[in-house]
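A.B. asks: Got a structure for you, questions after.
2 protein chains.
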Amino acid sequence: MNNPVNLDSNQKLMSDQSSTAYIKGQPILVAVDNVIFGFDSEEEKLKVLLFKRKVEPFAGQWSLVGSFVQPNESAVVAASRILTEFTGLESVFLEQLHCYSSVDRDPGDRVISIAYYSLIQLQSYRKELVERHEAAWFELHDIPDLVVDHAQMITDALAKLQDNARRRPVGFNLLPPKFTLPQLFKLYQEIYQKEIDDRNFRKKILATGLLEKLDTKDKTTSKKGAFHYQFNKSKYHQLETDGYDILFH
Amino acid sequence: MNNPVNLDSNQKLMSDQSSTAYIKGQPILVAVDNVIFGFDSEEEKLKVLLFKRKVEPFAGQWSLVGSFVQPNESAVVAASRILTEFTGLESVFLEQLHCYSSVDRDPGDRVISIAYYSLIQLQSYRKELVERHEAAWFELHDIPDLVVDHAQMITDALAKLQDNARRRPVGFNLLPPKFTLPQLFKLYQEIYQKEIDDRNFRKKILATGLLEKLDTKDKTTSKKGAFHYQFNKSKYHQLETDGYDILFH
DNA sequence: TTTATAAACGTAAATTTAACGTTTATAAAT
DNA sequence: ATTTATAAACGTTAAATTTACGTTTATAAA
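Protein chains in written order, with my numbering: chain A, 1 to 249; chain B, 1001 to 1249.
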């Protein structure tokens, strides 16, 4: 865990055959931030998990959940660790977004941040962990002022999610194992932040072969009830790699 | 330029209201590596610039061009700096790819690398700089063994280039201001590493409205000669942001 | 029995794509 | 002068997909 860096050897200039002097790296602090998305089926809203920072700098301000990358872990492990810490969830959808490295993004030390985004099911995370961290879920249109470039990270994460959702079955990571087509439809409307034609959506999503209709119904939102669906695991794994290309209008 | 990090203040554990101890970041070395693509119109090959490392670790081995990120620069500036150092070119296409951060990717220090890729015109770089750095251009099917994860970076860069080229007019960054349709066609075949139907390609690329036909011809490859084209700057900028979606078959 | 409504299903015109065949311009060979 | 070879440029059509709608169904409550 303890891996001190020898500044003497790191900061000296090393000679090089090229015209410019070769300067060995100077230590920079490396953090990860995680844009954690969840879909609230009742409110039919896509939400992001934020928390109130307890340490300086920016103590008391809203922030994405993040952490410094430790010596014994890769960035993705750090992002996963922080996700587990806040939600209790492991091995959920987690993907690297972008590395933000402006010199002055943090007023104190030089810190770069590798942003990730993850998709979780709001039905199955441990709420006491969120409470303990004074974290809360915010819908996209209601994001408070955030520290440094975290607002940009959310914007970029949503763009990446939109891009991904048309190519791969990522959306399903936001829903419980059994879901209805209307639920899926509303989720995609939230992802794309626009109205989608429900009849064409149904056709396109069914044409992937991804969905298996069950014979039970969810009657919480209508008298008729909406059939439950689950996804076909093998088709899901096939399309995760092969991909498709659906534009939702 | 000199921005020493105070290890005492960085490595101490700081208390936190949460269950897990909050560990402030420990310095990690941050590098950039740049996958520089160029298109050789004569050989009709997409190539990558590599150089033989002169310093440890991995001295003498082939590597992508890279550098440590300096205290006074962001990652993109570092990637741009190294590009200029090796080619003399400034303000060319440069985009972040991915941040590679495996704990053991470098046998010595803990180093993470933010990979970028750039597209340049092989007609207009300064060849003496490439020579001075003992760098050389390699076609994709002829890449030598590379240090650490640089082969993976090239694979990922090509995938990203392929993805980008179907959505935005990035390919043009690899061609001189005046080019012919057969040149453009062969470039896209190289990008996608497959045969494309030339008649459909022509139709799709012309349908974007991006190309302006000139009345001069390039006769180096045929008796008939191929018309020169340039791109419509305003349409280019429009499509850079709006994008399109062309699948090349 | 009627009504209201979410859910589910259907259709046809317009557009796009894929997979081909054909013509043209020119230098070199005859 | 005419023919030949060939890259470049242009054209066509059937099939597939998309778009933009309208219609029917199941059910609880009135």
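Glycine is no exception: its CB is placed at the ideal position from the N, C-alpha and C atoms.
Kindly give me the distance between the Cβ atoms of A:Pro182 and A:Ala226, rounded to whole angstroms, as I take these residues to be in contact under 8 Å.
C.D. replies: Start at 1 with the first residue of the first sequence, and residue 182 of chain A comes out as number 182. Start at 1 with the first residue of the first sequence, and residue 226 of chain A comes out as number 226. Sure, about 5 Å apart at Cβ, within 8 Å.
A.B. asks: Nearest chain A C-beta to B:Gln1096 closer than 9 Å, yes or no?
C.D. replies: By 1-based counting over the second sequence, the position of residue 1096 of chain B is 96. It does: the Cβ of B:Gln1096 has a partner Cβ on chain A nearer than 9 Å.
A.B. asks: Taking CB distances under 9 Å as the criterion, tell me whether A:Ser101 reaches chain B.
C.D. replies: In the first sequence, counting from the first residue as 1, residue 101 of chain A sits at position 101. It does: the Cβ of A:Ser101 has a partner Cβ on chain B nearer than 9 Å.
A.B. asks: With 9 Å set as the bound, which would you pick, yes or no: does the beta-carbon of A:Thr241 sit closer than that to a beta-carbon of chain B?
C.D. replies: Counted from its first residue, the first sequence places residue 241 of chain A at position 241. Answer no: the Cβ-Cβ gap between A:Thr241 and chain B never drops below 9 Å.
A.B. asks: Below 8 Å on the Cβ atoms is my guess for B:Phe1231 versus B:Leu1206; work out the distance and round it to an integer in Å.
C.D. replies: The residue you call residue 1231 of chain B lines up with position 231 of the second sequence. The residue you call residue 1206 of chain B lines up with position 206 of the second sequence. Contact doesn't hold; Cβ gap of about 12 Å is too wide.
A.B. asks: Can you grab the Cα-Cα spacing for the pair B:Val1035 / B:Phe1068, in whole Å?
C.D. replies: What you label residue 1035 of chain B is simply residue 35 of the second sequence in a count that begins at 1. What you label residue 1068 of chain B is simply residue 68 of the second sequence in a count that begins at 1. Taking the straight line from one Cα to the other gives about 15 Å.
A.B. asks: Got a sec, what are the start and stop residues for the alpha helix (DSSP H) A:Tyr256 sits in?
C.D. replies: Limits of chain A in this structure are 1 at one end and 249 at the other, which puts residue 256 of chain A out of reach.
A.B. asks: Between the C-alpha atoms of B:Asp1104 and B:Arg1110, what's the straight-line distance to the nearest angstrom?
C.D. replies: Within the second sequence, numbered from 1, the residue matching residue 1104 of chain B stands at position 104. Within the second sequence, numbered from 1, the residue matching residue 1110 of chain B stands at position 110. Distance between the alpha carbons of B:Asp1104 and B:Arg1110 is about 7 Å.
A.B. asks: Over what stretch of residues does the beta strand (DSSP E) that includes A:Pro97 continue unbroken?
C.D. replies: As a working mapping, residue 97 of chain A is identified with position 97 in the first sequence. Contrary to the premise, residue 97 of chain A reads as Leu rather than Pro in this sequence. For A:Leu97, the enclosing beta strand (DSSP E) covers residues Phe93 to Tyr100.
A.B. asks: If we count the other Cβ atoms within 10 Å of its Cβ and call it buried at 16 or more, is B:Lys1127 buried or exposed?
C.D. replies: For this step, residue 1127 of chain B is matched to residue 127 along the second sequence. It is exposed - the Cβ of B:Lys1127 has fewer than 16 other Cβ atoms within 10 Å.
A.B. asks: Can you list the residues of chain A that B:Val1147 reaches, using a CB-CB cut of under 7 Å?
C.D. replies: As a first step, residue 1147 of chain B must be located in the second sequence, where it is residue number 147. Per Cβ cutoff of 7 Å: no residues; B:Val1147 is ~16 Å from chain A at best.
A.B. asks: Would you mind telling me which residues of chain A sit closer than 7 Å to B:Pro1071, beta carbon to beta carbon, in chain order?
C.D. replies: Indexing the second sequence from 1 puts residue 1071 of chain B at position 71. Ordered by position in chain A, the residues that pass the 7 Å Cβ test against B:Pro1071 are Gln26 and Arg110.
A.B. asks: Going by C-alpha to C-alpha distance, which of A:His237, A:Leu129 and A:Ser91 sits closest to A:Phe51?
C.D. replies: On the first sequence, residue 51 of chain A is found 51 positions in, with the first residue counted as 1. Comparing Cα-Cα distances from A:Phe51 to each of A:His237, A:Leu129 and A:Ser91, the minimum goes to A:Leu129.
A.B. asks: Note down the Cα distance separating B:Asp1142 from B:Gln1061, rounded to an integer number of angstroms.
C.D. replies: Sequence index remark: in the second sequence, residue 1142 of chain B carries index 142 (1-based). Sequence index remark: in the second sequence, residue 1061 of chain B carries index 61 (1-based). About 15 Å.
A.B. asks: When DSSP labels each residue in this structure, what does A:Ser124 get in the three-state scheme?
C.D. replies: Translated into positions along the first sequence, residue 124 of chain A becomes position 124. DSSP places A:Ser124 in coil when its eight states are reduced to three.
A.B. asks: With 16 other CB atoms within 10 Å as the buried threshold, where does B:Pro1027 fall?
C.D. replies: Indexing the second sequence from 1 puts residue 1027 of chain B at position 27. Its Cβ being crowded by 16 or more others within 10 Å, B:Pro1027 is buried.
A.B. asks: How far does the alpha helix (DSSP H) with A:Val76 in it reach, from first residue to last?
C.D. replies: Mapped onto the first sequence, residue 76 of chain A falls at position 76. That run of the alpha helix (DSSP H) goes Ala75 to Thr87.
A.B. asks: I'd like to know if B:Phe1185 contacts chain A, where contact means its C-beta is closer than 9 Å to some C-beta of that chain.
C.D. replies: By one-based count along the second sequence, residue 1185 of chain B stands at place 185. No, its Cβ sits nowhere closer than 9 Å to a Cβ of chain A.
A.B. asks: What number of angstroms, rounded off, separates the C-alpha of B:Ala1031 from the C-alpha of B:Gly1066?
C.D. replies: Numbered from its first residue, the second sequence carries residue 1031 of chain B at position 31. Numbered from its first residue, the second sequence carries residue 1066 of chain B at position 66. Rounded to whole angstroms, B:Ala1031 to B:Gly1066 spans 7 Å at the Cα level.
A.B. asks: For B:Thr1180, name the three-state secondary structure that DSSP assigns.
C.D. replies: Sequence index remark: in the second sequence, residue 1180 of chain B carries index 180 (1-based). DSSP places B:Thr1180 in strand when its eight states are reduced to three.
A.B. asks: Give a yes or no on whether the minimum CB-CB distance between B:Val1170 and chain A is below 9 Å.
C.D. replies: The residue labelled residue 1170 of chain B in the question sits at position 170 within the second sequence. Under the Cβ criterion of 9 Å, B:Val1170 is not counted among the residues facing chain A.
A.B. asks: Mind checking A:Thr220: buried by the 16 CB within 10 Å criterion, or exposed?
C.D. replies: Looking up residue 220 of chain A in the first sequence gives position 220. The residue is exposed, with fewer than 16 neighbouring Cβ atoms inside 10 Å.
A.B. asks: Any contact of the segment 1150-1161 of chain B with the segment 1094-1102 of chain B, i.e. 3+ C-beta pairs under 8 Å?
C.D. replies: yes
A.B. asks: Under a CB-based cut-off of 9 Å, is A:Val30 close to chain B?
C.D. replies: To locate residue 30 of chain A, count along the first sequence from 1; it is residue 30. True, the Cβ-Cβ gap to chain B drops below 9 Å.
A.B. asks: Any beta carbon of chain A sitting closer than 9 Å to that of B:Ile1196?
C.D. replies: To locate residue 1196 of chain B, count along the second sequence from 1; it is residue 196. No, B:Ile1196 does not count as interfacial toward chain A.
A.B. asks: Taking 8 Å as the cut-off, is the CB of A:Val69 close to at least one heavy atom of the ligand HEM?
C.D. replies: Ligands displayed in this structure: none; no statement on the ligand HEM is therefore possible.
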